[in-house]
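Novice: Got a structure for you, questions after.
Protein chains in written order, with our numbering: chain G, 213 to 647; chain P, 285 to 1226.
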C-alpha cells in the first residue's frame, strides 16, 4: 500500500490530470516561450536556493539568465550538509532558504513535515506558473489538487547505446524484445561477448532495475488489482514478477548479460559504469538517467574515449514484445518557502524557470531528462521524443510502494546471479530484500 | 596625382595615426591596468588581514572558553559536559553563536549544544554523523595561537551555513568519573564573516571575497563564483589542460598574486589571491570582473572612434578645401588658358603690328641702301638694317618660344642643300663677327653630302642661335664653326656641328641656367648684350624634337664649345667640296644688291591696305621690271582680279572690311576668271604658330612674311612666275637720281647734302626749295615793309623765318647772316638792322634768282608727269559731286572729310581748266585755310 495515505498530504496521481489541465488552461499563463517580467525589472532582492547537490551549475546558469531580466536580483545556491536532516531546521532559521529542493519520498516522511508546512501552493493561478509545460508523468499533485513541488529534473531507466558499434555492424537499435535478442545474437557473433553490461547491484541504478523493472511496472499497471497484494507483501503476489524475471534469466543464460563480468569490471553504479562504457567496447550499458547525467563531464576524463570518441544515445530497454516502457521518475523538485521575505521575486524566478526552454536548458547542462515534452535540446535523449504515452508512466501510477520496488530489485539480482531460481524468487516474495 | 591616390595616402596616414594611438593607449592602459591590479592586490592584503584578525579573534574567544574549562579540570574541579556547555552559554554574547561540545570517542560524532534544535525546543543534542566535517579523525591542532577552523557547513542545529573554531577541552565523564577529551566548537554563521568583508564594496563595487581551502572548497562563497569548488569552477569555464590547471592551483595556494580567468558568462575577470596567515589551509580570493578594474587593453573605442571621426572629418574638410582650391585652380587654369590664348592673340597682333612697320622700315631702308650713293647715309642705313634684323630676331624668338610652349612647333623635313644652308649661316655670322672684329674660322668637312633631308629652317635656327651667342659673348678672338659628319647608316649620316669661341665662358654653376627660358647668364655683367634669353632654350627644344641635344664644354674666362649631333637622311652624296675656299671667294665677290632676274612681261597684283607697304613692295621689285598693280582693299583687288590676267597675286591677310582669306574666297568663286590658276601668295605680318597651316588650308599657294625679305620675294617670284616670262638680270647701269637738278649743285650759297639731311629726303628738299622760292618775293616785301614802318619786332620775326628756311635748304651762310641780324633785332639794335639788312636782302635776292630755274624744272616735270599720267579721267558729274561734297563738308566744318575728298581727287586726271582750282584747293587744305575753300569752289561754279 502506498504509505503516503497515512500522511496529511496525499497525492492524487494524474488521474485528475485532465481536470488540472483544464484548470491550468482556464488560468492560462503566458507560455509563448518568451519570458515577460511580471515585476519591476529593477527590483533588488536576495534569493537563496538550498539543495543537496554539492554543485548546481545548471541552476546557477539560470540565475545568470534571470539576471538578464532582473539585473539587481541576487540568487545564491547553498548546499546544505545532511540535507534531509537540516532542511527542516534551515527553513525555521533566520537564514531560511527561499527555494529548496524536495523529493517525492519526503511527502511520506513525518520528519519532513516542516518542509511542506513552509511550502507555497504553486498551483495558485495568481502565480501564473506554467504547469502545462510539465509532462503528465512528471507532475506531482496533492490529493486536493494543489501542487507544492515542481519537477526540475526527471530520470528514467534504460541503456546507453554505443551508436558507432551499431553502425559499424550495420545494426539498428532494437525496437522490441525480439529485435533485442536478435541484436544481441549478432553482436555476440561479431565478437562482443557481453552485448549488455551494467552495474551488478540492487540499486535503482543497477542494471536489473533498468533492464526489466519497467516491464514489471507495466504489468502491474495493466493489472491494477495486483498492486494491493504486492504492496502488502503477499507471497502470492510474487507471480507478477515472473515474466520480467524470466526474460532476465533468459538473457543471462544466453550470455547477453554476464553478472560476474560486470561485477569484476564495474565497481559502482555511477562513475565506474560510465568509465567502462567509454572504453568503447560495450554496445549497450544499462543504468539510470543519473548515469547519463554523469557522461558529459567524464568524456574528458576517459583517455580511451578521448582517443576514440563515439556517438552514444539513451534508449529505454525494448523489453516488451511491442517495445520498451518509459518509467518516468522525478529526480528533483523545487518548493518555495511561503515565508520568504522575497516571495514575489521568488515566485517570479519560479515562473521564469518553469518553462520548456529553461527546464530544457537546465536538463541539458545537468544531462538529466527534462520534465517537459521537449527532448530536442539534448541529442542523447532524442529517442524519447514522441515516446508512446500509453507506455510512459511514473512509478506512482503503479500504486506500488517502495518496498515492492526493493523486493523486485532483490529478486532480479538474485536470479541473475544464480542465487535463486525464478520459481524460488517468486515464491520468496516479501522476504527478498536484505538491508 | 589622382584623387583616389591622395585619399588612399590620407587614409594610410590616418591608419598609421590610429595605429600609433592604439599602441600608445594600450601601453598606457597596460601600465594603468597593471597599477590597478597592484592596487587590487593591496586591497586583497587588507582583506586578508581583516579576515585573519577576525579568525584569530574568534579562535581566541574559543580558546578562552576552552582554557576556562581546562583550567577547571587542571584545578581538580573538572566541569561536566553539561556544565561546560552551560558556561559557554553564559559566556557567549551573540545568540547567533553556538557552542558545540563533541566527543571524539563517540563514533556517531554526537554531542551537546548551547542551543536547542529549532525543530525541537527540548533537544540540545547535536550530531555531526552525517556531516563530513572531521573526516575519519579529529585532526585538530592543540598548539596555542593556531586557528582550528572548519569548512563552511550546515549547522545541524539550525540549518544555517556556519564555520566553527575548535579547541580541545577536558570534561568530567559522569559515568566513569574520569576526565575525557571533548572538542569545543565555537559555531558562527558564515554570514557574520561575510559581513566583515562588505566594506570593500565601497572601494570596488563588484568585488566578491571568497575563502577556499587547499582543495578549492569554499568557506565563503562569492556570488559570481559558481560551483562548490573554485578549482572545479575554473576548470568548467576555462580551457585549461592539466598543466595550466596545476599551475593555477599551485599559484593560488602559494603566495599573493593575481590571475585572469573567464567566469561562467565567458567574461574576463581578475582573481587576486593570498593565503591566510597562519592558516595554511585557507586562501582568500578577491574576484572582480576585469572590466570593473581595468580599462580595455585592446583599445579605447571611444577615443579611437572620436579620433577616427576627427581624422575623417579632417579628411573630408581637407578634401572639400582641396576640391574648392582645385575648382579655383581649374578656374584659374581656364583663365590662364584664356590668358594664354589672349597671349597668342596678342603675339599675333604684335607680330602683325610690329612686322608691318618693320616691313616699311626695312623695306625703305633697303631702298636707301640700293639707291643712296653717300657713304654716310649708307652707314646709317646699314645700322638701321642691323638693328631691324636684331629686332626681328627677338620677335622671331618670342614667337618660336610661344609655338614651342603651345606644342604647336612641328618639324617639317624636306630636302635641302647643305652648302646653301652654310652660306646663309656664314653670311649671317660673318657680318656680325666682322663688326665686332672677331675672326670667323671655318672647318667644314669637304665630304659632307650635298643634299640631305631634314628641317633646314630649324637646323639653321639652332646653329644661328649658337653662332649669335658666340658672337655676342666674345669680345675678342675668334669663332670657329666646325661642320663634320660620320656615317650612320646606308642612307643616313650623323652631322657633327660645333661652335667654339674665345668668349667669356660659362661658370659651372651657370650651366643649368643655360637652357632655361628667359635666363640670362651673368645678366648684370652682360646687360649690354641684346637678347631675350630664349635662344638656347629654343635651340635645345628644336634639337630635342629632332632627337638630339646640345653639348656644352666651357671654361670660364676662356671660351666655350657648343656642339650637337644630328642624324640626317642623305639624298645626294655628292661632296660639298672645299667650302672655305668657296666662301672666301664669295666674300671677295660680294657686291651691292642686284636683282636676280627681270620679268618685264610679267604682271602681278599686290593687295595691301597699307600704301607704304605697297610702295615698299613696288620698289623692291622695281629693278625686276615686273609690272605691278596695287590695290588697297580686298574689294579693289577683286575688281582688278576680274579685269586682268596676273601671273602672281600677293594678298595681304589682315585688311579692314574684307580680309585676305575672304578676298581669296571671293576671287576663287569668280566664274570665268582669267586668274583661276594664278598662284596667290599670302602677304602677311602674322608669323604666329599655326598660321601657315591656316593659309595653306585656306587656299593660298604660299605665304610671305613681312617685313619682306627681298631675297625671299624674288625667290618666290622665280618659283611662281611663268618661266617664259623670266629673263636674266639687267646689265644696265644703275639709274641716277634725277630728283635734284644739277644746277642746284652749282649754286655756291647752298650745301645740297646738308639741305637734304635737314629735309630728310631729296624729295622733301626739292619741295622745300620750291616753297623757298615761291615765298621769297613776299618775304622780302614784308621785311622791307616792317622795317620801313619801324616795326622792329615783326622785322625780327621775319628775319628769324628767313634764317630757318635758309638753313633748311642748305644756305648756311645766309642763315648765319640772318641769325646775326635776328639777334640785333632782339636786342633792339635798329642801327645794325638799318645798316646791314640791305646786304642780307641782297644776298637773299641773289640766291632766289639763282633758284628761279627751278620753276622751269617743275613745269617740265609736271608736263612729263602729265604725259605719263595714267590716272583715270574724272567725269564731269563726279567732279561736280566732289565739289558739292567739299562745300557741304565745309559748311558742317568737317574738314577731315574735305581733306579726304581733295586727296581722292588727286587720284584722278582732271580737265585742264580745273587743275588750277584743284591746286588752289590743295594749297588751302595744306595751309589749313579752309575758309578759302567755298570761295575757290564758288569761283568754279560762277
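The beta-carbon is built from N, C-alpha and C at its ideal position, and this holds for glycine as well.
Can you check whether the CB of residue 503 of chain G is closer than 9 Å to the CB of residue 481 of chain G?
Specialist: yes
Novice: Can you name the residues of chain P whose CB is closer than 8 Å to the CB of residue 299 of chain G?
Specialist: 443
Novice: Would you please verify whether the beta carbon of residue 516 of chain P is less than 9 Å from any beta carbon of chain G?
Specialist: yes
Novice: DSSP puts residue 887 of chain P in a beta bridge; with which residues?
Specialist: P:911
Novice: So, under 8 Å CB-CB, residue 1110 of chain P and residue 1079 of chain P are touching, yes? Tell me the CB distance rounded to an integer number of Å.
Specialist: Going by Cβ atoms, the distance from residue 1110 of chain P to residue 1079 of chain P rounds to 11 Å, so no, they are not a contact pair.
Novice: How many Å lie between residue 931 of chain P and residue 1182 of chain P at the Cα?
Specialist: 38 Å
Novice: If you measure between the beta carbons of residue 727 of chain P and residue 835 of chain P, is that distance less than 9 Å?
Specialist: In this structure, residue 727 of chain P keeps its C-beta atom at 9 Å or more from the C-beta atom of residue 835 of chain P.
Novice: Please determine, among P:470, P:301, P:436, P:364, the residue with the shortest C-alpha to C-alpha distance to residue 460 of chain P.
Specialist: P:364
Novice: Measure the beta-carbon distance from residue 249 of chain G to residue 282 of chain G and round it to whole angstroms, keeping in mind my assumption that it falls under 8 Å.
Specialist: Right, the Cβ-Cβ distance comes to about 7 Å (below 8 Å), so this counts as a contact.
Novice: Considering only the alpha carbon of each residue, which of P:453, P:1088, P:903, P:1112 lies closest to residue 371 of chain P?
Specialist: P:453
Novice: Determine contact between the region 492-503 of chain G and the region 360-373 of chain G, defined as no fewer than three beta-carbon pairs at a distance below 8 Å.
Specialist: As far as the Cβ criterion goes, the region 492-503 of chain G touches the region 360-373 of chain G, which means the pair count is three or higher.
Novice: Which ranges does the beta strand (DSSP E) cover as unbroken runs of at least 3 residues, wholly within the region 698-725 of chain P, from first to last along the chain?
Specialist: 698-701
Novice: Mind listing, in chain order, the continuous alpha helix (DSSP H) runs of no fewer than 4 residues lying wholly within the region 534-592 of chain G?
Specialist: 555-565, 568-578
Novice: Please classify residue 468 of chain G as buried or exposed, where buried requires at least 16 other C-beta atoms within 10 Å of its C-beta.
Specialist: buried
Novice: Please check if any C-beta of chain P sits within less than 9 Å of the C-beta of residue 508 of chain G.
Specialist: no
Novice: So, is the C-beta of residue 416 of chain P closer than 9 Å to a C-beta in chain G?
Specialist: yes
Novice: Please list the terminal residues of the continuous alpha helix (DSSP H) segment that includes residue 349 of chain P.
Specialist: Residues 287-358.
Novice: Taking the C-alpha atoms as reference points, what is the distance between residue 587 of chain P and residue 302 of chain P?
Specialist: 10 Å
Novice: Need the endpoints of the beta strand (DSSP E) that residue 855 of chain P sits in, please.
Specialist: Residue 855 of chain P: member of the beta strand (DSSP E) spanning 843-859, first to last residue.
Novice: Nearest to residue 446 of chain P by CA position, among P:471, P:430, P:462, is which residue?
Specialist: P:471
Novice: How long is the line joining the alpha carbons of residue 478 of chain P and residue 504 of chain P, rounded to whole angstroms?
Specialist: 7 Å
Novice: If I'm right that residue 1096 of chain P touches residue 1038 of chain P with Cβ under 8 Å, what's the distance once you round it to whole angstroms?
Specialist: 7 Å
Novice: Does the count of Cβ pairs from the region 894-903 of chain P and the region 945-956 of chain P closer than 8 Å reach three?
Specialist: no
Novice: Can you tell me where the beta strand (DSSP E) holding residue 384 of chain P begins and where it ends?
Specialist: Counting along the chain, the beta strand (DSSP E) containing residue 384 of chain P begins and ends at 382-386.
Novice: What residues in the region 509-534 of chain P have a beta carbon less than 8 Å from any beta carbon of chain G?
Specialist: Result list: 510, 511, 512, 513, 516, 520.
Novice: Are the region 819-834 of chain P and the region 744-755 of chain P in contact at 8 Å, needing three or more beta carbon pairs?
Specialist: Taking a cut-off of 8 Å on C-beta distances, the region 819-834 of chain P touches the region 744-755 of chain P, as three or more cross pairs fall below it.
Novice: What is the DSSP secondary structure of residue 413 of chain G, reduced to helix, strand or coil?
Specialist: Looking at residue 413 of chain G - three-state DSSP - the assignment turns out to be coil, as it is neither helix nor strand.
Novice: Looking at residue 402 of chain G: is its Cβ nearer than 9 Å to the Cβ of residue 387 of chain G?
Specialist: no
Novice: Hey, quick one: how far does the beta strand (DSSP E) through residue 570 of chain P stretch, first residue to last?
Specialist: 566-573
Novice: Please identify, using Cβ separations under 9 Å, the residues of the region 283-312 of chain G that lie next to chain P, in order along the chain.
Specialist: Shown in chain order are the members of the region 283-312 of chain G whose Cβ falls below 9 Å from a Cβ of chain P: 286, 287, 288, 289, 290, 291, 292, 293, 294, 295, 296, 297, 298, 299, 300, 301, 302, 303, 304, 305, 306, 307, 308, 309.
Novice: When you compare the CB of residue 554 of chain G with every CB in chain P, is at least one pair closer than 9 Å?
Specialist: For residue 554 of chain G, the closest Cβ of chain P is not nearer than 9 Å.
Novice: Per DSSP, residue 559 of chain P forms a beta bridge with which residues?
Specialist: In the DSSP output, where bridge partners are listed per residue, residue 559 of chain P has P:567.
Novice: Can residue 467 of chain P and residue 387 of chain P be called in contact, C-beta distance under 9 Å?
Specialist: Their beta carbons are under 9 Å apart, which means residue 467 of chain P touches residue 387 of chain P by this criterion.
Novice: Please list, in chain order, all residues of the same chain as residue 392 of chain G whose beta carbon is under 6 Å from its beta carbon, the five residues on each side excluded.
Specialist: 386, 530
Novice: For residue 367 of chain G, write down the residues that DSSP places opposite it in a beta bridge.
Specialist: Per DSSP, G:541.
Novice: By Cβ distance below 8 Å, which residues in the same chain neighbour residue 463 of chain P in space, the five residues on each side in sequence not counted?
Specialist: 357, 362, 454, 455, 456, 457
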